[in-house]
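A.B. asks: As numbered in my numbering, residues 561 to 993 make up the sequence shown, in order.
C-beta: ideal position from N, C-alpha, C; glycine also.
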Amino acid sequence: MTNPIPQFPAGFLWGVSTSAHQIEGAVAEREQSVWDAFTAEPGRVKDGSTAAVACDHYHRYREDVALLADLGVDAYRFSVSWPRVRSPEGLDFYDRLVDELCAAGVRPVPTLFHWDLPVGLDWLRRDTAERFAEHVAVVAERLGDRVTKWITLNEPAEHTLLGHALGAHAPGRQLMFDALPVAHHQLLAHGLAVRALRAAGASDVGIANSHGPTWPASEEPADVEAAAFYDLLLNRLFAEPLILGAYPDGMGELMPGDVEADLKVIAEPIDFYGVNYYAPTRVGAPQGADIEFGGLTIPAELPFSVRQIEGVPVTDFGWPVVPSGLTELLTGFRERYGDRLPPVVVTENGCSYPGLDDQDRIAYLDGHVRALHDAVEAGVDVRGYFVWSLLDNFEWAEGYERRFGLVHVDFATQERTPKSSYRWYRELLRAQR
């Protein structure tokens, strides 16, 4: 490789990520999730598709594990479908998958909730957190003899905002700030899950939270204030209860139940803090009209507006490509939280581009891996990096129009074809050994 990427510390964990609903298919062989109900409603998904088949990973997992082995990753982050676990023989699939991964020398890293809530449960209700802990205990009992690294939840911020505040994702609610109990109950579920995993003997437990730097649109006080509020909602609200054991800036007063007691559960010590990073966000004061941004409609009534970042490339999703934002984010977390910040694992980083010779994706990943190394050099304790995603997949409300995979999937034939970025990542991993 020309201009080789610097070496990361010994023992650094290199991997790729997926999620159950986006790749497994086989919906008839599990209970229904809120995403099945959501995609059945006309107009919810842009291309009208569903994840009924997706990548058919449920039946083709051996082929996909072979791709992982050929790629040379240390670890595979996948998610365990809660609706599948509640179905007869559902855990058998994950048993087989974990066995296949172990036989291939790939470390299994399950995420225990990645948005596919069983129909009949509701994050507005506190008891869903308790049901989740029971689910976690069942999975840990079955897989814990081979799985040593666990992730409780994926992106509770997005699940709250997109699924319950704006209605763009399942379950499709438009509650705006009345969605805050969803955030609290997910964080409580995380803490209860950590306790369940500890009871099962787990010693390497974390969460995958999405984060990005927030940049004010200008130095005008109204823009600075709006950006600070956005940063609170999307970053601090989901980080500080876990890291500091407290909600920021009086947000705890808006949460349901005995918040002080719940925070003791939420702040159960974790072994790593997972960060999903895609881009920074430029934020200013409200502009008096709805704004279309990155596939979303940002309502005018919110106390901020999201603006374009000028002068940088964008992905085919319209997301800005700013590798240095990853360095800024991680060093900022280290400065803000100091020794309270656990070791960091980048649990997702990737981009959507078409084509098999995906040089734009290679440039994106190359830049972000170098930015991550800059954070390590600056003193951030980073332990791993996972590319999103192994496979092109069902990209939620975008359907099949967005392709994030290192491997191209022909959804008509299910043929897998490694892209140029797959070969690039394989060479990177070989160079890091």
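Check whether the Cβ atoms of Asp634 and Gly575 lie closer than 8 Å to each other.
C.D. replies: Here residue 634 refers to the residue found at position 74 when the sequence shown is read from its first residue. Here residue 575 refers to the residue found at position 15 when the sequence shown is read from its first residue. Yes, the Cβ-Cβ distance between Asp634 and Gly575 is below 8 Å.
A.B. asks: Going by DSSP, name the residue or residues bridged to Glu852.
C.D. replies: Position 292 of the sequence shown holds residue 852. BP columns for Glu852 point to Thr857.
A.B. asks: Can you say whether Gln734 is buried or exposed, counting buried as having 16 or more other CB atoms within 10 angstroms of its CB?
C.D. replies: In the sequence shown, counting from the first residue as 1, residue 734 sits at position 174. Gln734 is exposed by the Cβ-count criterion.
A.B. asks: Is the beta carbon of Gly910 less than 8 Å from the beta carbon of Phe964?
C.D. replies: Here residue 910 is taken as the residue at index 350 of the sequence shown, counted from 1. Here residue 964 is taken as the residue at index 404 of the sequence shown, counted from 1. Going by C-beta atoms, Gly910 is nearer than 8 Å to Phe964.
A.B. asks: Using DSSP with H/G/I as helix, E/B as strand and the rest coil, what is Tyr897?
C.D. replies: Reading the sequence shown from its first residue, position 337 is the one you call residue 897. Reduced to three states, the DSSP call for Tyr897 is helix.
A.B. asks: Quick one: residues in its chain with C-beta nearer than 6 Å to the C-beta of Pro902, no 5 flanking neighbours on either side, listed in chain order?
C.D. replies: Along the sequence shown, read from residue 1 onward, the residue named residue 902 stands at position 342. Within the same chain, Pro902 has close Cβ partners Ile830, Phe832, Tyr833.
A.B. asks: What do you reckon, are the CB atoms on Ala689 and His729 nearer than 8 Å?
C.D. replies: Numbered from 1 along the sequence shown, position 129 holds the residue referred to as residue 689. Numbered from 1 along the sequence shown, position 169 holds the residue referred to as residue 729. Against a cut-off of 8 Å, the Cβ pair of His729 and Ala689 comes out as no contact.
A.B. asks: Decide if Lys824 is buried, meaning its Cβ has at least 16 other Cβ atoms within 10 Å, or exposed.
C.D. replies: Within the sequence shown, numbered from 1, the residue matching residue 824 stands at position 264. Exposed, because fewer than 16 other Cβ atoms sit within 10 Å of the Cβ of Lys824.
A.B. asks: On the premise that Ala782 lies in contact with Ala849, defined as a C-beta separation below 8 Å, what is that separation, rounded to the nearest angstrom?
C.D. replies: On the sequence shown, position 289 is the one that residue 849 refers to. On the sequence shown, position 222 is the one that residue 782 refers to. Not confirmed; about 16 Å, so no contact.
A.B. asks: Among Arg656, Arg896, Ile858, Tyr837, which one has its Cα closest to the Cα of Arg796?
C.D. replies: The sequence position of residue 796 within the sequence shown is 236, counting from 1. It is Arg896.
A.B. asks: Along the chain, where does the alpha helix (DSSP H) that runs through Ser980 open and close?
C.D. replies: Residue numbering aside, residue 980 sits at position 420 when the sequence shown is read from its first letter. Unbroken alpha helix (DSSP H) run through Ser980: 980 to 992.
A.B. asks: Restricting to Cα atoms, I'd like to know which of Glu828, His724, Asp738 is closest to Ala749.
C.D. replies: Residue numbering aside, residue 749 sits at position 189 when the sequence shown is read from its first letter. Ranking the options by Cα distance to Ala749, first place goes to Glu828.
A.B. asks: Using 8 Å as the threshold, is the segment 914 to 928 in touch with the segment 878 to 892, meaning 3 or more CB pairs across them?
C.D. replies: As far as the Cβ criterion goes, the segment 914 to 928 touches the segment 878 to 892, which means the pair count is three or higher.
A.B. asks: Which residues in the same chain as Asp809 place their Cβ atom closer than 7 Å to its Cβ, once the five residues preceding and following it in sequence are excluded?
C.D. replies: The sequence position of residue 809 within the sequence shown is 249, counting from 1. Leu792.
A.B. asks: Measuring CA to CA, which of Phe954, Arg962, Leu794 is closest to Glu584?
C.D. replies: By one-based count along the sequence shown, residue 584 stands at place 24. Nearest of Phe954, Arg962, Leu794 to Glu584, Cα basis: Phe954.
A.B. asks: Distance check for Leu804 and Arg620, CA to CA, integer angstroms please.
C.D. replies: By one-based count along the sequence shown, residue 620 stands at place 60. By one-based count along the sequence shown, residue 804 stands at place 244. If you take the alpha carbons of Arg620 and Leu804, they lie about 42 Å apart.
A.B. asks: Give a yes or no on contact between the segment 624 to 643 and the segment 664 to 675, applying the rule of three or more CB pairs nearer than 8 Å.
C.D. replies: These segments touch.
A.B. asks: If you draw a straight line from the alpha carbon of Ala570 to that of Ala938, how long is it in whole angstroms?
C.D. replies: Here residue 570 corresponds to residue number 10 of the sequence shown, with the count starting at 1. Here residue 938 corresponds to residue number 378 of the sequence shown, with the count starting at 1. Between Ala570 and Ala938, the C-alpha separation is close to 17 Å.
A.B. asks: Excluding five sequence neighbours on each side, which residues of the same chain lie with their C-beta closer than 7 Å to the C-beta of Glu715?
C.D. replies: In the sequence shown, the residue the question calls residue 715 occupies position 155. Ala768, Asn769, Ser770, Asn836, listed in sequence order.
A.B. asks: Give the range of the beta strand (DSSP E) segment to which Gly575 is assigned.
C.D. replies: By 1-based counting over the sequence shown, the position of residue 575 is 15. First-last of the beta strand (DSSP E) with Gly575: 573 to 577.
A.B. asks: Quick check: what's the CA-CA separation for Val905 versus Val625?
C.D. replies: Translated into the one-based positions of the sequence shown, residue 905 becomes position 345. Translated into the one-based positions of the sequence shown, residue 625 becomes position 65. Looking at the two C-alpha atoms, the distance is approximately 22 Å.
A.B. asks: According to DSSP, which residues form a beta bridge with Phe673?
C.D. replies: Taking the sequence shown and counting its residues from 1, the one referred to as residue 673 is at position 113. Answer by DSSP bridge pairing, in chain order: Leu713.
A.B. asks: Whole-angstrom Cβ separation of Arg867 and Arg842, contact assumed at under 8 Å?
C.D. replies: Against the sequence shown, residue 867 aligns to sequence position 307. Against the sequence shown, residue 842 aligns to sequence position 282. Yes, Arg867 and Arg842 are in contact; Cβ-Cβ is about 4 Å, under 8 Å.
A.B. asks: Which residues in the same chain as Asp918 place their Cβ atom closer than 8 Å to its Cβ, once the five residues preceding and following it in sequence are excluded?
C.D. replies: By 1-based counting over the sequence shown, the position of residue 918 is 358. Lys979, Ser980, Ser981, listed in sequence order.
A.B. asks: How many angstroms separate the CA atom of Pro564 from the CA atom of Tyr913?
C.D. replies: Here residue 564 refers to the residue found at position 4 of the sequence shown. Here residue 913 refers to the residue found at position 353 of the sequence shown. Using only the alpha carbons, I get a separation of about 24 Å.
A.B. asks: Can you have a look at Gln567 and say buried or exposed, based on whether 16 or more other CB atoms are within 10 angstroms of its CB?
C.D. replies: If you number the sequence shown from 1, residue 567 lands on position 7. By the neighbour-count rule (16 or more Cβ atoms within 10 Å), Gln567 is not buried but exposed.
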